[in-house]
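Chemist:
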Amino acid sequence: MPTPAVMHWGEAEVRVAADGTSVRLLRGPDLVVELAWLGVKGAPAEFEAPDEVEHTLATPEGRVFQRHSVLEGWRSRWVLTREAHRPDVVEDRLRVRPGPEYALWSWGSGVNALLAVAPAHTAGPVLGLRLEQGYLEEFGDPAESSASVDYLVAPAGAELAAGERLTTSLVSDWYPMLDDLAGRLPPWLNDTQLDAEESWWGDVADYGLSAPEDVVVDFTDGMVSVTAEVGRRILDVQTPRGLSRIPLEWVPSPESVLHEVAADAVGRGDELDVAEALCVQFAADRRALWLDPSAHDLLDRVDWAAEESVLGAAFGLARGRSLGEAALVSDALRLLGRIPAGEGYGRVAMAGWITS
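Okay, so the sequence shown: first residue is 1 according to my numbering, each after it adds one.
1. So is Met7 buried or exposed if we call it buried at 16+ other beta carbons inside 10 Å?
2. Which parts of the region 72-131 are runs of the beta strand (DSSP E), unbroken and 3 residues or longer, counting only runs that do not cross its ends?
3. Quick one: using the 10 Å Cβ neighbour count with 16 as the cut-off for buried, is Leu193 buried or exposed?
4. Please confirm whether Leu185 and Leu114 have their CB atoms less than 8 Å apart.
5. Exposed or buried, Thr168, counting other C-beta atoms within 10 Å across all chains shown (16 or more means buried)?
6. Taking the beta strand (DSSP E) that Met223 belongs to, which residues open and close that run?
7. Pairs of beta-carbons, one from the region 72-90 and one from the region 56-64, closer than 8 Å: are there three or more?
8. Going by the DSSP bridge assignment, what does Arg15 pair with across the sheet?
9. Just to check my reading of the structure: Gly344 and Val310 have Cβ atoms closer than 8 Å, yes? What is that Cβ distance to the nearest angstrom?
10. Compute the Euclidean distance between the alpha carbons of Asn181 and Val53, then round it to the nearest angstrom.
11. Looking at Leu235 and Leu248, is the spacing between their C-beta atoms short of 8 Å?
12. Between Arg245, Val261 and Asp218, which has its C-alpha nearest Pro252's C-alpha?
13. How many Å lie between Ala326 and Ser294 at the Cα?
14. Taking only the alpha-carbon atoms, compute the straight-line gap between Ala205 and Leu129 and give it to the nearest angstrom.
15. What residues are listed by DSSP as bridge partners for Tyr360?
16. Please look up how many angstroms separate the CB atoms of Leu166 and Ala154, rounded, as I've assumed it's under 8 Å.
17. Select from Ala288, Thr239 and Ala162 the residue whose C-alpha is nearest the C-alpha of Pro254.
18. Note down the Cα distance separating Ser148 from Trp353, rounded to an integer number of angstroms.
19. Can you check whether the CB of Ala351 is closer than 8 Å to the CB of Leu317?
20. Using DSSP with H/G/I as helix, E/B as strand and the rest coil, what is Ala58?
21. Compute the Euclidean distance between the alpha carbons of Ser106 and Arg286, then round it to the nearest angstrom.
22. Applying the criterion that 16 or more other CB atoms from any shown protein chain within 10 Å of the CB defines a buried residue, is Arg347 buried or exposed?
23. I need the straight-line Cα distance from Phe47 to Ala5, nearest angstrom please.
24. Under 8 Å, do Gly110 and Arg245 count as touching if we go by C-beta distance?
25. With 16 as the cutoff for other CB atoms within 10 Å, does Arg334 come out buried or exposed?
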């Protein structure tokens, strides 16, 4: 197998496949991220130096000139051209695959896209990939468990004619933590997850704005506010650099979610498992659900002590506190003492300390 080109970037290595079809960043023995322009046919490097590698790759409709360098940070540049005599729609995609010990975050979309590859089990360092030129938009709706994410390199329907070029350029650098990278975001991308019917505010009044019909857009003192019911919306902003797509999400209140889950569990009338029982008890404690005698009977029949789990201890504490039964709280604390510390343990232990 041909040997990849290796470029040293501080404590990391950038390894470009010999045929140019992918590039990998490794920190020590661990893969941090892999980038690949999809659908290309590989070719030997046209230029290779200790700090720069260039390839020209073939696509079904044209070519991609690719350069990776570590002269000033890690820079990746792709230039797409077409050979057809008439314009073709650009459907090319860039695939980003984080290593098994890393998670991929996407902030914004379009010309202001910013990607973060963060360690799954520590706060940092975090790799930030900033779009210096071009356009990136998530393709499809990748799940949280997806091994990779594909990004469109042009807005849907965009065309490229023979003789035209489409450039995608990423500049990558290390940041101590995610918050340090977030400081590079445009102000309007800092807070895009909102409570139901809360207004999003952005200093985008001077730009062209396009929003779905089911949102309310207001202009006040040079600021734009957008309000909507629960759900995800995309706000399109035409900035001087091009189209920026802002993902806004309005989330329901904890009480409304608890009510829906708990009401469904109680309404079935079947035996409750510990997780369902905990939701029902929390809903009652927050006055999100009124419990009739049959619902109380369902909770009393839950064998939470047999679970030998953090959820079991949490339910025992919540139930004991609700009923004012000190013995029930003591039993739950003894159960908690027998369980190895794990996810959620500290929160339940604190609740037990407050309750007792």
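Glycine included, C-beta positions come from ideal geometry on N, C-alpha and C.
Modeler: If we stick to the structure as given:
1. Here residue 7 refers to the residue found at position 7 when the sequence shown is read from its first residue. By the 10 Å Cβ count, Met7 comes out buried.
2. 74-82, 93-98, 102-107 and 114-119
3. Here residue 193 refers to the residue found at position 193 of the sequence shown. One point to set straight first is that residue 193 is Gln, not Leu, in the sequence displayed. By the neighbour-count rule (16 or more Cβ atoms within 10 Å), Gln193 is not buried but exposed.
4. Against the sequence shown, residue 185 aligns to sequence position 185. Against the sequence shown, residue 114 aligns to sequence position 114. Cβ distance < 8 Å, so Leu185 and Leu114 count as in contact.
5. By 1-based counting over the sequence shown, the position of residue 168 is 168. Result: buried.
6. Taking the first residue of the sequence shown as 1, we reach residue 223 at position 223. From DSSP, the beta strand (DSSP E) with Met223 extends over Met223 to Thr227.
7. yes
8. One-based indexing of the sequence shown puts residue 15 at position 15. In the DSSP output, where bridge partners are listed per residue, Arg15 has Val6 and Arg24.
9. Residue 344 sits at position 344 when you count from the first residue of the sequence shown. Residue 310 sits at position 310 when you count from the first residue of the sequence shown. Sure, about 5 Å apart at Cβ, within 8 Å.
10. The residue given as residue 181 occupies position 181 in the sequence shown. The residue given as residue 53 occupies position 53 in the sequence shown. The sequence shown places Leu at residue 181, not Asn. In a straight line, the C-alpha of Leu181 is about 27 Å away from that of Val53.
11. Translated into positions along the sequence shown, residue 248 becomes position 248. Translated into positions along the sequence shown, residue 235 becomes position 235. Against a cut-off of 8 Å, the Cβ pair of Leu235 and Leu248 comes out as a contact.
12. Here residue 252 refers to the residue found at position 252 when the sequence shown is read from its first residue. If we check each option's Cα against that of Pro252, Val261 comes out closest.
13. As a first step, residue 326 must be located in the sequence shown, where it is residue number 326. As a first step, residue 294 must be located in the sequence shown, where it is residue number 294. Their backbone Cα atoms lie some 23 Å apart in a straight line.
14. Taking the sequence shown and counting its residues from 1, the one referred to as residue 205 is at position 205. Taking the sequence shown and counting its residues from 1, the one referred to as residue 129 is at position 129. Those two C-alpha atoms are separated by around 28 Å.
15. The first residue shown for the chain is 1 and the last is 356, placing residue 360 beyond what the model contains.
16. Start at 1 with the first residue of the sequence shown, and residue 166 comes out as number 166. Start at 1 with the first residue of the sequence shown, and residue 154 comes out as number 154. The Cβ separation is near 6 Å, so the contact holds.
17. For the purposes of this step, residue 254 is taken as the residue at position 254 of the sequence shown. Minimum Cα distance to Pro254 is reached at Ala288.
18. Taking the sequence shown and counting its residues from 1, the one referred to as residue 148 is at position 148. Taking the sequence shown and counting its residues from 1, the one referred to as residue 353 is at position 353. One C-alpha to the other measures close to 43 Å.
19. Position 317 of the sequence shown holds residue 317. Position 351 of the sequence shown holds residue 351. Taking 8 Å as the Cβ cut-off, Leu317 and Ala351 qualify as a contacting pair.
20. Taking the sequence shown and counting its residues from 1, one reaches residue 58 at position 58. If DSSP states are grouped into helix, strand and coil, Ala58 belongs with the strands.
21. For the purposes of this step, residue 106 is taken as residue 106 along the sequence shown, with counting starting at 1. For the purposes of this step, residue 286 is taken as residue 286 along the sequence shown, with counting starting at 1. Looking at the two C-alpha atoms, the distance is approximately 34 Å.
22. Within the sequence shown, residue 347 is the residue found at index 347, counting from 1. That one is exposed.
23. By one-based count along the sequence shown, residue 47 stands at place 47. By one-based count along the sequence shown, residue 5 stands at place 5. Roughly 11 Å between the two C-alpha positions.
24. Against the sequence shown, residue 110 aligns to sequence position 110. Against the sequence shown, residue 245 aligns to sequence position 245. Yes. Within cutoff.
25. Counting from 1 along the sequence shown, the entry for residue 334 is found at position 334. Looking at its Cβ environment, which holds fewer than 16 other Cβ atoms inside 10 Å, Arg334 is exposed.
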